[in-house]
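J.: In the numbering used here, the protein residues as written are 370 to 666.
Just passing along the structure, written as structure tokens.
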């Protein structure tokens, strides 16, 4: 569960982006909205105690010419600041009735400057082919119907566009060697996936390395599950837009770990994995060998 402070900062950052896109200063926005400039500043800072009322958020979005999707997301996030001890709206993000933006993580991922992922069993979603993703979403059997599986695959593939956009984030992935030996969907599906993996790693912002079985005991065993680390860019004055975040995905929800001791613990795990994983060239060679073994070459 992500802390209220992170939600507030995310709201404030988005309001600031929309205002600047509309070429308005805080003073001009305050005048149009009949608010004090300090109020606009506190909202954009995500200051604790600021009330994000729906009427104010709607008025700001209208003034800034925001898209409906931006308004929907902001209203969902601002509702969370009034949620008290109730379950967070993104906790059950696997439910089909969730809006298409489907989770705070995707919003944060889209804003990240660096994404680091450790995977134990699977190719990470940002690097999956359609055929591979379709196989992944078929288990456990009976959990979701075909229409929902197709929707999830479509959303997963759409997310991959962030890696090829201008100023794309850097993606650094460490795969447990078991991922290369886990046959997902048969030899043809795996061969296509390995070829795609080798292709995308030619991009300067994508790095894939393998943690070999020979590495022995490693920090990932302490984490006991796949995880992601997100680092965010700084604003023009050098202030980080969001605190570093560790994210753990589960079948029925997610953990957003942004307290300093939580994120630093996962960073220690990553540093250990980083020390033990083989380099990119050796990793590509290992993936190529796995590909050749599928065809019997």
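Where is the CB? At the ideal position from N, CA and C, for every residue including glycine.
Predicted model only: the values in this text are computed from it and were never measured.
Taking the DSSP output, what are the residues bridged to residue 485?
T.: 541 and 598
J.: Tell me, please, which residues DSSP counts as bridged to residue 625.
T.: 616
J.: Give the DSSP bridge partners of residue 580, in chain order.
T.: 545
J.: Whole angstroms is fine: what's the gap from residue 392's alpha carbon to residue 432's?
T.: 11 Å
J.: DSSP state of residue 658, grouped into three classes?
T.: helix
J.: What are the partner residues of residue 575, as DSSP defines its beta bridges?
T.: 540
J.: Would you list the one or two residues that DSSP bridges to residue 498?
T.: Beta-bridge pairing links residue 498 to no other residue.
J.: What did DSSP end up calling residue 570 once you bin it into helix, strand or coil?
T.: coil
J.: Would the beta-carbon of residue 652 fall within 9 Å of that of residue 552?
T.: no
J.: For my contact list, residue 381 and residue 415 are in at a C-beta cut-off of 8 Å; report their separation, rounded to the angstrom.
T.: 4 Å
J.: Provide the residue span of the alpha helix (DSSP H) that contains residue 449, from first to last.
T.: 437-450
J.: Does the Cβ-Cβ distance between residue 540 and residue 497 come in under 9 Å?
T.: no
J.: Taking all protein chains shown into account, decide if residue 538 is buried (16 or more other Cβ within 10 angstroms of its Cβ) or exposed.
T.: buried
J.: Count the other CB atoms within 10 Å of the CB of residue 376; is the residue buried (16 or more) or exposed (fewer)?
T.: buried
J.: Considering Cα atoms alone, identify which of 656, 590, 426 and 450 is closest to residue 567.
T.: 656
J.: In its own chain, which residues sit with a C-beta less than 8 Å from the C-beta of residue 564, not counting the 5 before and 5 after it?
T.: 660
J.: Is the beta carbon of residue 637 closer than 9 Å to that of residue 588?
T.: Against a cut-off of 9 Å, the Cβ pair of residue 637 and residue 588 comes out as a contact.
J.: Thinking C-beta only, is residue 646 closer than 9 Å to residue 583?
T.: The answer is no: Cβ separation not under 9 Å.
J.: Take residue 663 and list the residues in its own chain whose beta-carbon comes closer than 8 Å to its own, dropping the five residues that flank it on each side.
T.: 556, 559, 560 and 563
J.: Taking the alpha-carbon positions, what's the residue 385 to residue 624 distance?
T.: 27 Å
J.: For residue 611, which of 618, 600 and 619 has the nearest alpha-carbon?
T.: 600
J.: Looking only at its own chain, which residues have a Cβ that is under 7 Å from the Cβ of residue 426, when we skip the five neighbours before and after it?
T.: 443, 444 and 447
J.: The alpha helix (DSSP H) that contains residue 408, what's its start and end?
T.: 406-414
J.: Just mark residue 620 as buried or exposed, buried being the case when its beta carbon has 16 or more other beta carbons within 10 Å.
T.: Residue environment: residue 620 is assigned as exposed (fewer than 16 neighbouring CB atoms within 10 Å of its CB, all protein chains considered).
J.: Buried or exposed, going by whether 16 or more other CB atoms sit within 10 Å of the CB of residue 635?
T.: When all chains shown are included, residue 635 counts as buried.
J.: Would DSSP call residue 523 helix, strand or coil?
T.: Residue state for residue 523 is assigned as helix, using DSSP reduced to three classes.
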